[in-house]
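Q: Numbering (this note's numbering), first residue to last: 22 to 123.
Structural data, given as structure tokens:
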């Protein structure tokens with residue numbers, strides 16, 4: 022790991038963040054996202070970083086090499102189970118009713 026990688030890990034620790042790419046057991050080819058043009062070695066450069074508290078919502082993070090992204094990097098996707106929060110709206114006050122029985 023180089024100095025920038027170490028700095029990224031320290032940043033994640035300081036801000037209570039998690040790198041989701043490293044939490045799942047997937048095939049090695051589903052973790053790497055960029056291939057060096059000359060050496061043809063694959064590297065894990067693209068990451069998905071979230072709050073540690075949201076980590077329980079992540080089901081899977083992996084790389085898709087077959088996606089046409091018009092880039093030399095592969096597409097990195099994360100599958101999440103999201104639970105929408107209820108929106109509490111105050112009820113608008115109704116129009117005042119007129120007593121017509123008088």
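Backbone N, C-alpha and C fix where the C-beta goes; we use that ideal spot for every residue, glycine too. Here the structure is a predicted model, which means the values were calculated and not measured.
#1: Which term fits residue 102, buried or exposed, when burial requires 16 or more other beta carbons within 10 angstroms of its beta carbon?
#2: Less than 8 Å between C-beta atoms, sequence neighbours within five positions excluded: which residues of the same chain meet that for residue 28?
#3: Can at least three beta-carbon pairs, one atom from the segment 81 to 99 and one from the segment 46 to 54, be found at a separation below 8 Å?
#4: Per DSSP, what are the beta-bridge partners of residue 94 in this structure?
#5: Within the 9 Å Cβ cut-off, does residue 103 reach chain B?
#6: Classify residue 97: buried if its beta carbon has 16 or more other beta carbons within 10 angstroms, exposed otherwise.
A: So, to answer that:
#1: Counting C-beta atoms within 10 angstroms of its own C-beta, residue 102 has fewer than 16 neighbours from the protein chains shown and is therefore classed as exposed.
#2: Close CB contacts of residue 28 within its chain, under the 8 Å cut and outside five residues either way in sequence, are absent.
#3: Taking one beta carbon from each stretch, the segment 81 to 99 and the segment 46 to 54 have 3 or more pairs nearer than 8 Å; the two touch.
#4: 55.
#5: Looking for chain B here will not work: only one protein chain is present.
#6: By the 10 Å Cβ count, residue 97 comes out buried.
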